[in-house]
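These notes concern the structure reproduced below.
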Amino acid sequence: MFDSIKKIFTANQNEEIQLVYGDKPDIPREKSAELYEKAKQYFPGGVNSPVRAFKSVYGTPLFIEKGDGCRLWDADGNEFIDFCCSWGPLILGHNHPKIREKIIEVMQNGLTFGAPTALESELAELIIKNNRFIEKIRFTSSGTEAVMSAIRLARGVTKRDKIIKFEGCYHGHTDALLVKAGSGLVTFGETSSAGIPKAYADETIVISLNDKAAVKAAFEQFKEQIACVIIEPIPANNGLLLQDKDFLEYLREICDENCTLLIFDEVISGFRVGFEGAAGYYDVKPDIVTYGKIIGGGLPVGAYGASAGIMSNISPEGGVYQAGTLSGNPVAMAAGIAQLSELVKSGFYKELNTKTEQFVDAIQRYASSKNYHFRVFQIGSIFWFAFTDQEKIQTSEAINPKSMNKFKLMHRELLNRGIYLGPSGYEVGFVSAAHSKVDLEKAKRAIFESLDIVFKNK
Ligand SMILES: *Cc1c(COP(=O)(O)O)cnc(C)c1O
1 MFDSIKKIFT ANQNEEIQLV YGDKPDIPRE KSAELYEKAK QYFPGGVNSP
51 VRAFKSVYGT PLFIEKGDGC RLWDADGNEF IDFCCSWGPL ILGHNHPKIR
101 EKIIEVMQNG LTFGAPTALE SELAELIIKN NRFIEKIRFT SSGTEAVMSA
151 IRLARGVTKR DKIIKFEGCY HGHTDALLVK AGSGLVTFGE TSSAGIPKAY
201 ADETIVISLN DKAAVKAAFE QFKEQIACVI IEPIPANNGL LLQDKDFLEY
251 LREICDENCT LLIFDEVISG FRVGFEGAAG YYDVKPDIVT YGKIIGGGLP
301 VGAYGASAGI MSNISPEGGV YQAGTLSGNP VAMAAGIAQL SELVKSGFYK
351 ELNTKTEQFV DAIQRYASSK NYHFRVFQIG SIFWFAFTDQ EKIQTSEAIN
401 PKSMNKFKLM HRELLNRGIY LGPSGYEVGF VSAAHSKVDL EKAKRAIFES
451 LDIVFKNK
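Quick note: the sequence shown uses this note's numbering, first residue 1, plus one each step.
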């Protein structure tokens with residue numbers, strides 16, 4: 001069964017490699033390959049966001065034609081149960097009728113006016129009435145923009161320049177945050193992209209997650225210079241690095257002691273682990289929160305919110321400038337309203353989170369019964385497959401890069417069995433309200449088979 005040899009093509013060089021593979025043939029990708037060739041003529045790497053290029057997994061990137069509920073169909077007609085969910089926004093699944101209908105209704109009256117509409121307040125009210133942590137909000141068009149603006153706000157309020165971020169947290173592609181740790185306990189960051197002035201990186205201090213001593217040392221070294229600490233309270237962009245609650249509480253304390261603002265970047269965790277995101281889950285109050293992904297119901301929306309006092313520093317009320325041509329446009333607001341209206345219904349999160357927990361527990365039980373070095377980390381409806389035996393992984397340094405080879409095999413076996421995961425082992429998966437128990441049963445079986453193959457390929 002497992003000894004057949006097959007030639008497959010990697011997406012990058014069309015280089016032939018040989019691999020022992022399982023008893024399922026590779027899915028057809030001729031149409032996707034054709035579309036990819038065309039896209040490469042027009043876009044760097046053939047894509048408009050790098051991870052989509054399938055550089056870390058086998059084969060040509062799949063070009064998607066349609067999504068409905070928890071399912072996706074690609075250009076070759078392959079059908080998948082989708083656990084990527086557009087990287088998080090689709091908590092209700094694809095093509096949800098309430099979102100689609102609301103968008104169509106609003107679109108009848110035009111798409112954008114560059115002037116206020118009632119819909120912005122409707123979405124803001126829905127959020128703020130159900131969230132203890134913010135009093136005012138500003139909508140942007142992406143998570144990156146929300147984070148960039150939140151940092152500017154923190155600097156404007158504190159009149160300080162330096163910021164602290166954590167290795168392994170992603171905050172979008174804004175200059176000050178595309179910075180990785182250098183060596184040493186407390187370091188100025190090194191830029192992690194070309195094109196970022198060193199002077200920007202010099203204002204960003206990068207430390208390890210879940211490390212109180214490093215945080216303390218940074219505050220001692222840069223007394224009265226730190227505008228804000230920014231963290232993904234549920235780091236979910238580089239594996240799922242679940243933090244100890246008391247680490248987040250410690251950040252709250254040390255920020256208070258130093259008149260530094262605490263920013264929770266909840267672009268991925270907001271409205272995901274509960275309506276109030278990680279702040280609500282851990283009951284730790286940030287000074288500024290950023291949102292994105294789920295908030296727009298599948299359309300481009302980001303937001304940042306804080307107390308009325310802090311938000312009064314934003315223009316036109318205050319001196320911190322921030323604007324956007326399409327910010328709060330009616331169509332995007334409509335999608336957000338339709339989606340969040342479903343999420344505030346009683347029992348929504350309980351059902352989704354329980355369903356995910358049962359799914360993940362069954363996978364873990366199977367892997368453990370076979371003694372596979374494999375763990376599924378999970379919180380709410382977020383999960384991460386890690387090829388490890390560590391009970392906890394709380395820092396990016398604790399992830400073994402070699403384990404990604406196993407993910408690569410797993411990803412291909414899953415595609416061949418109709419399961420779509422994001423094309424990188426550092427990415428988390430999501431369960432949506434559209435994944436039925438039957439879908440999850442089907443997915444489990446495919447996951448068990450794929451694990452068997454991965455661990456036979458040692
Ligand atoms: C996705 C993400 C961002 C960036 O949001 P975009 O909408 O892609 O710009 C920022 N922070 C976190 C935590 C994210 O998950």
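Ideal placement from N, C-alpha and C gives every residue a C-beta, glycine not left out.
Source: prediction; values computed, not measured.
Partner residues in the beta bridge of Leu299, as assigned by DSSP, are Gly297.
Runs of the alpha helix (DSSP H) lying entirely within the segment 375-456 and spanning at least 4 residues, in chain order: 404-416, 437-456.
A distance criterion of 7 Å places the beta-carbon of Thr204 beyond contact range of ligand 1, judged by its closest non-hydrogen atom. Within the DSSP secondary-structure output, Cys228 pairs in a beta bridge with Ile163, Leu261. In this structure, the straight-line span from the alpha carbon of Gly46 to that of Pro61 is close to 9 Å. With a contact defined as Cβ atoms closer than 8 Å, Ser396 and Glu167 qualify at about 5 Å. The closest heavy atom of ligand 1 lies 7 Å or more from the beta carbon of Tyr304. In the structure shown, the three-state DSSP call for Tyr304 is strand. Short note on Tyr170: C-beta closer than 7 Å to some heavy atom of ligand 1.
Checking the 7 Å criterion, the Cβ of Val147 is within range of a heavy atom belonging to ligand 1. Relative to ligand 1, the nearest heavy atom lies less than 7 Å away from the CB of Gly143. For Ala124 and Pro330, the gap between their C-alpha atoms comes out near 13 Å.
Asn130 is the residue among Ala53, Ser121, Asn130, Ser432 whose C-alpha sits nearest the C-alpha of Phe275. Distances from the alpha-carbon of Thr158 to those of Lys442, Ile288, Asn353 put Ile288 closest. Here Ile230 is near Asp265, since their CB atoms are less than 8 Å apart.
Val179 and Cys228 have their alpha carbons spaced roughly 16 Å apart. If you check the C-beta of Ile231 against ligand 1, you find no heavy atom less than 7 Å away. In this model, Glu441 and Pro50 are separated by some 32 Å (Cα to Cα).
Looking only at Phe247, Asn313, Pro116, Ala303, the smallest Cα-Cα distance to Asp283 is reached by Phe247. Cα atoms of Lys456 and Tyr58: separation of roughly 18 Å, rounded to the nearest angstrom.
The segment 350-357 makes no contact with the segment 108-120, as fewer than three CB pairs between them are under 8 Å. The beta carbons of Phe83 and Val431 sit about 7 Å from each other, so the pair counts as a contact at 8 Å.
Glu120 counts as buried, since at least 16 other C-beta atoms from the protein chains shown sit within 10 angstroms of its C-beta. Annotation for Asn329 indicates a beta carbon at 7 Å or more from all heavy atoms of ligand 1. Here Gly318 has Gly156, Ser312 as same chain residues with Cβ atoms under 8 Å from its own Cβ, once five neighbours each way along the sequence are excluded. Membership of Glu79 in the beta strand (DSSP E) is indicated by the continuous run 79-82.
Distance between Asn78 and Leu421, taken at the CA atoms: about 14 Å. With a cut-off of 7 Å, the C-beta of Val51 is classified as distant from ligand 1, since no heavy atom of the ligand falls inside that distance. Non-local C-beta neighbours of Gln221 in its own chain, meaning closer than 7 Å and more than five positions away in sequence, comprise Val186, ordered along the chain. Linking Lys24 to Phe80 through their CA atoms gives a straight-line distance of about 15 Å. Taking non-hydrogen atoms of ligand 1 into account, the C-beta of Lys165 is found less than 7 Å away from none of them.
For Val331, the enclosing alpha helix (DSSP H) stretches over residues 330-343. Uninterrupted beta strand (DSSP E) stretches at least 3 residues long and entirely within the segment 110-166 occur at 136-140, 162-166, given in chain order. The segment 384-392 and the segment 30-45 do not touch, with fewer than 3 CB-CB distances between them shorter than 8 Å. The DSSP-derived three-state label of Val179 is strand.
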